Amino acid sequence: MSYKWNYRPITHEQEEISRILTQELEISPIIGQLLTQRGITNASEAEKFFRPQLTDLYDPFLMKNMGTAVERLNRAMEKKERILIYGDYDVDGTTAVALVYKFIRQFYSNLIYYIPNRYEDGYGVSIKGIDYAASEGVGLIIVLDCGIKAIDEIQYAKEKGIDFIICDHHVSEKEIPEAIILNTKLENNTYPYIHLSACGVGFKFMQAFALNNGIDFQSLVPLLDLVVVSIASDIVPIMDENRILAYYGLKQLNSNPSIGLKAIIDICGLTNKELTINDIVFKIGPRINASGRVQDGSETVDLLIEKDFSSAWE
Numbered sequence: 001m002s003y004k005w006n007y008r009p010i011t012h013e014q015e016e017i018s019r020i021l022t023q024e025l026e027i028s029p030i031i032g033q034l035l036t037q038r039g040i041t042n043a044s045e046a047e048k049f050f051r052p053q054l055t056d057l058y059d060p061f062l063m064k065n066m067g068t069a070v071e072r073l074n075r076a077m078e079k080k081e082r083i084l085i086y087g088d089y090d091v092d093g094t095t096a097v098a099l100v101y102k103f104i105r106q107f108y109s110n111l112i113y114y115i116p117n118r119y120e121d122g123y124g125v126s127i128k129g130i131d132y133a134a135s136e137g138v139g140l141i142i143v144l145d146c147g148i149k150a151i152d153e154i155q156y157a158k159e160k161g162i163d164f165i166i167c168d169h170h171v172s173e174k175e176i177p178e179a180i181i182l183n184t185k186l187e188n189n190t191y192p193y194i195h196l197s198a199c200g201v202g203f204k205f206m207q208a209f210a211l212n213n214g215i216d217f218q219s220l221v222p223l224l225d226l227v228v229v230s231i232a233s234d235i236v237p238i239m240d241e242n243r244i245l246a247y248y249g250l251k252q253l254n255s256n257p258s259i260g261l262k263a264i265i266d267i268c269g270l271t272n273k274e275l276t277i278n279d280i281v282f283k284i285g286p287r288i289n290a291s292g293r294v295q296d297g298s299e300t301v302d303l304l305i306e307k308d309f310s311s312a313w314e
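Residues in the sequence shown are numbered consecutively from 1, following full-length UniProt numbering.
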């Protein structure tokens, strides 16, 4: 199959940047133009683009409210509060819940999760979900990929003695819930990159928790397969920090995927294939999405956190 490439026009300023990049990097003018259109303005940025490094990930504590969120999680664990991980039923939400649940359970066992049923709960934080949390004695809910607009629901939870940490990436209204909010699109946010997926925000939260508690960053690397699935499936830009997360996420997905993702890869007929972003977008992601949209997204999380391969296949 042949393709006809149409190049987006560039400005005179971009032409000059492209020319300099072409000379300094000894690359073709077309590559220089494409780099320029991706916002790359110098050789150092180009180096990071072509050779992503985990050491170039941003300090998670640059995100507004991150210190407060880590402090609240630490306090919940110290007081042995029951923690509920709550997330949307789509790919980004279920991978985010699986990531946060899998990481925290290494250090803490009083932990449950909840994915709303799209037909019974509707989208986002629901009264039904909060009532479930209250019945389970939950003191803290960490919600991922929703919550930024759940003002009334979170007030209802507060009346029941339940605190919220919201990890979201949707644009907020002028009025926001009374909760600890991690969202790069918050007003006055100081984080250098705004286009993280919700799973990406969850990853940064766990990175901050690890830093605060002296946990080796390498313990987070196996979770990057979940992050790249969320990035590709939620169609967020694969630039800047997302490019680093996606690059190492693909490496993890190809070399040592989690049990649940390995089962999905096999079912998709992708075993022994070098997996790409396209494979996630068109094959892996839709299968994960189907559960939350047709049945129950909790089954997706069950699969993504599964430790036994035979159980995952079932």
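Just so you know, even glycine gets a beta-carbon here, dropped at the ideal spot from N, CA and C. Please read these numbers as outputs of a predicted model, since none were measured by experiment.
A distance below 6 Å between beta-carbons, with the five flanking residues on each side excluded, links V281 to the following residues of its chain, in chain order: A232.
Per DSSP, G139 has no beta-bridge partner at all. Within its own chain, the residues whose Cβ lies closer than 6 Å to the Cβ of P237, once the five positions on either side in sequence are excluded, are H195, listed in chain order.
With fewer than 16 other beta carbons inside 10 angstroms of its own, K79 counts as exposed. It is roughly 32 Å from the alpha-carbon of A246 to the alpha-carbon of G129.
When rounded, the separation of the alpha-carbon atoms in N74 and I265 is 35 Å.
I165 is bridged by DSSP to I142, I180.
For L25, the CB contacts under 7 Å within the same chain, skipping 5 residues up- and downstream, are A43, A46 in chain order. The closest CA to that of T300, considering only P52, L261, S126, D279, is found on L261. In the structure shown, the three-state DSSP call for G87 is strand. Between the C-alpha atoms of F205 and K4 there is a straight-line separation of about 42 Å.
CA-to-CA, the gap between P286 and Q23 works out to about 43 Å.
One thing to note: I267 has its Cβ no nearer than 8 Å to the Cβ of V229.
Using a C-beta cut-off of 8 Å, the segment 197-211 makes no contact with the segment 152-162, since fewer than three inter-stretch Cβ pairs fall below that distance.
Here the segment 177-191 makes no contact with the segment 209-218; the two share fewer than three CB pairs at distances below 8 Å. Closest by C-alpha distance to Y7, out of N117, I31, L54, is I31. Leaving aside the five residues that flank M77 on each side, the residues in its chain whose CB is nearer than 7 Å to its CB run, in chain order, Y108.
The alpha-carbon of I112 is positioned some 15 Å away from that of D88. By the CB criterion at 8 Å, Y114 and Y86 fall inside the cutoff. Each of I40, G67, D90 was checked against the Cα of I17, and the nearest Cα belongs to I40. Excluding sequence positions up to five before and after I10, its CB lies within less than 8 Å of the CB of S18, Q33, T36, Q37, all in the same chain and listed in chain order. Residue pairing for L261: DSSP places it in no beta bridge.
If you draw a 10 Å sphere on the C-beta of Q252, you find 16 or more other C-beta atoms in it, and that means buried.
A distance below 6 Å between beta-carbons, with the five flanking residues on each side excluded, links T184 to the following residues of its chain, in chain order: Y191, I194, L196. For I112, there is no enclosing alpha helix (DSSP H); the residue is found in the beta strand (DSSP E) stretching over 111-114. Just so you know, the alpha carbons of I305 and E241 end up roughly 25 Å apart. Taken through DSSP and simplified to helix, strand or coil, R243 comes out as helix. L54 is not a Cβ neighbour of L226, given a cutoff of 8 Å. The beta carbon of K102 lies closer than 6 Å to those of I305 in the same chain, with the five residues before and after it left out. Contact annotation: V70 and F209 have beta-carbon atoms nearer than 8 Å. Bounds of the alpha helix (DSSP H) holding F49 are 43-50. Beyond the five residues adjoining it in sequence on each side, G137 comes within less than 8 Å, by CB distance, of R82 in the same chain, given in chain order. Of the candidates V125, G139, N212, the residue whose Cα lies closest to the Cα of N110 is G139.
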